[in-house]
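Count along the first sequence from 1, then add 1227; that gives the number in my numbering.
Note sheet for the following structure.
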Amino acid sequence: MLDIKLLRQDIDAVAASLQKKHFSLDIALFKQLEADRKDSDIQTQSLQSERKKASKKIGQLVQSGKSVDEAKAEVAEILKTIDADLQSYVEKNRAANEALNDFMMAVPNMPDASVPEGKTEEDNKLINTWGEPKNFAFAVKDHVDLGNDVGGLDFDLAAKLTGSRFAVMRGGIARMHRALIQFMLDKHTEEHGYEEVHVPFIVNAESLRGTGQLPKFEEDLFKIRHDGADFYLIPTAEVPVTNLVRDKIVESTNQDGFTALPLRFACHSPCFRSEAGSSGRDVRGMIRQHQFEKVELVQMVLPEESDATLAALTGHAESILQALELPYRKVQLCGGDLGFSALKTFDLEVWLPSQDTYREISSCSNFGDYQARRMMARYRNAQGKAELLHTVNGSGLAIGRTLLAVMENYQQEDGSIVIPEALKAYMGGMTVIKA
RNA sequence: GGUGGGGUGGCUGAGUGGUCGAAAGCGGCGGUCUUGAAAACCGUUGAGGGUUUAUCCCCUCCUAGGGUUCGAAUCCCUACCCCACCGCCA
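Okay, here's the thing in structure tokens:
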């Protein structure tokens, strides 16, 4: 959520900023909602104040010796006039606040000044490329065909079990999938200072509101009903991990299991996405699945550090690609491609020989205080004052896409797949997955 | 699933229906002392919102939602969560 004070003070500036995200802010509606809120607020509060005074007077009169009935009789008249109005103002106030809150929850975060103008991913800004795409002396296969060759990747079987956009992995492919998870977690915890966490894969609506998936993007989620209550399968570990600090004030000393900022968490989890609205896109293979795994990096940091944290965290994700010797490029998302809650995002795109192009494998974002305000996630500053912290996260990396990138980039003419050097220790001596 | 006990400020933990936003301790912050630190001592310390140049002042919040009452942290109901024991089970 944006700071409502910004909208009260200079809504034109906010609207101008959101223009970059191609979001048009309804200024007139905000002003109306705010006026309603303020009016009902003032009326309600002054009536409540009068009422409290009258009630207190009864207590005082009783203590000074009067009977309860006598005391009540003295203020009965006042209470009667107050109650005639109070009820309706309370209701007006409740409705006004709810309407205003609904409005605010649907306003996206404002983009950072560095965000390039643009509408689609075509307009993203190339930051740099790393590594050289290999020149294959034979016709390259894509991971679906390679998976067929080695017999480790089966989409038809998954379609029978469940439906489209799922995969069954076997043997060396399944092993490498697991190896990638272990490798990434080890690297982030041992070399980059992250604490490993394991969290629930089912969350409640409150958690999704905290990170910004709700209320606007419910159709992207898998929803479960249990005992009459709604739950959701997580679309990313970002949701449960970031919500670890919801409704918390992170102390400067270790008291409740959380130490001082920055907090750095690395989390492996499955992710579930309905992919509503992307039917027809990437239908072949495991680029776009309803279920995939990811190692997510999440940091809670001081406001003044979040920009540097984003750069560092993106570097952590890059280090995985570099260790696996997978060519990639880094782009900064333009305004139109930027996510709802993000103020700045770098995408890492890995080289896929079969598609002769780079495809997204990681997305690293700074959310500023946007998620923190929704979650009421704060820290205590040097003056002892509770302030909103900043959240930064990114994939480090998406496992399924890494797996297919390895398969395609490490393929040999006979359809076998060489195990990258960095993964060998995790593959029990295997050096190649044979066709 | 059964029975019982609980959910209070950053944390632990008191709280009689009537200035209780809430004792006490811990922690935090400021100070005295010290070359410096620790210890000790003194002071201070909940959050959100409204109004205001600012102070003042006002409202809301003791898990959540209802209810009783002139008045609820305190009484009643419901939900959720936690703890203990029993049952069942991966």
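We put the CB at the ideal spot given by N, CA and C, even for glycine.
Given the structure is predicted, the values throughout are model-derived calculations rather than measurements.
Proximity below 7 angstroms, CB of Glu1614 to CB of Asn1620
Contact flag unset, no.
Provide the residue span of the beta strand (DSSP E) that contains Ser1590, from first to last.
Per DSSP, Ser1590 belongs to the beta strand (DSSP E) from Thr1584 to Asn1593.
Identity of the residues DSSP links to Thr1572 by a beta bridge
Answer is Ser1592, bridged to Thr1572.
Do Leu1179 and Met1634 have their CB atoms nearer than 7 angstroms?
Absent from the structure is residue 1179, since the part of the chain shown begins at 1228 and ends at 1662.
With DSSP run on the structure shown, which of helix, strand or coil describes Gln1259?
It is helical.
Under 8 angstroms Cβ to Cβ from Leu1435, same chain only, skipping five residues before and after it: list those, please.
Answer for Leu1435: Leu1441, Leu1448, Tyr1459 and Val1466, listed in chain order.
Does the distance from the CB of Gly1378 to the CB of Ile1660 come in under 7 angstroms?
No; because the gap between Cβ atoms is not below 7 angstroms, this pair is not in contact.
Residues that DSSP places opposite Asp1381 in a beta bridge
Answer is Val1395.
As a quick exercise: from His1453, Gly1455, Ala1432 and Ala1456, pick the residue whose alpha carbon is nearest that of Glu1445.
Considering only His1453, Gly1455, Ala1432 and Ala1456, the residue with the shortest C-alpha distance to Glu1445 is Ala1432.
Helix, strand or coil for Leu1229? Go by DSSP, reduced to three states.
Leu1229: coil per DSSP, three-state reduction.
On the premise that Met1527 lies in contact with Pro1489, defined as a C-beta separation below 8 angstroms, what is that separation, rounded to the nearest angstrom?
The C-beta distance from Pro1489 to Met1527 rounds to 6 angstroms, short enough to fall under 8 angstroms.
Through-space distance from Ala1544 to His1415, alpha-carbon basis
One C-alpha to the other measures close to 9 angstroms.
For the beta strand (DSSP E) that Val1619 lies in, which residues bound it at each end?
Start and end: His1617 to Ala1625.
Kindly indicate the opening and closing residues of the alpha helix (DSSP H) around Thr1308.
DSSP places Thr1308 in the uninterrupted alpha helix (DSSP H) bounded by Val1295 to Met1332.
Residues that Ala1493 bridges to, as DSSP identifies them
Glu1423 and Leu1524.
Should Asn1328 and Asp1268 be called a contact, given that it needs their Cβ atoms to be closer than 7 angstroms?
For Asn1328 and Asp1268, no; Cβs fall outside 7 angstroms.
Using a Cβ-Cβ cut-off of 6 angstroms (strictly less than) and excluding sequence neighbours within five positions of Asp1381, which residues of its own chain qualify?
Exclusion of the five residues before and after Asp1381 leaves Val1395 as the residues of its chain whose Cβ lies within less than 6 angstroms of its Cβ.
Mind the definition here: the stretch 1581 to 1588 touches the stretch 1422 to 1430 only if three or more C-beta pairs lie below 8 angstroms; say whether that holds.
No, because fewer than three Cβ pairs between the stretch 1581 to 1588 and the stretch 1422 to 1430 fall closer than 8 angstroms, the two stretches do not touch.
Measuring only the C-alpha atoms, how far is Asn1362 from Ala1326?
Between Asn1362 and Ala1326, the C-alpha separation is close to 58 angstroms.
Who pairs with Thr1416 in a beta bridge, going by DSSP?
Partner(s): none; Thr1416 has no beta bridge.
Going straight from the alpha carbon of Asp1641 to that of Phe1365, what length do you get?
Approximately 10 angstroms between the Cα atoms of the pair.
Measuring CA to CA, which of Thr1347, Val1241, Asn1324 and Lys1293 is closest to Gln1559?
Per the Cα distances, Thr1347.
Could you check where the alpha helix (DSSP H) with Thr1435 kicks off and where it finishes?
Per the sequence shown, the amino acid found at residue 1435 is Leu instead of Thr. Leu1435: member of the alpha helix (DSSP H) spanning Ala1432 to Thr1438, first to last residue.
Rounded separation between Gly1655 and Arg1405 - CA only:
Their Cα atoms are separated by approximately 12 angstroms.
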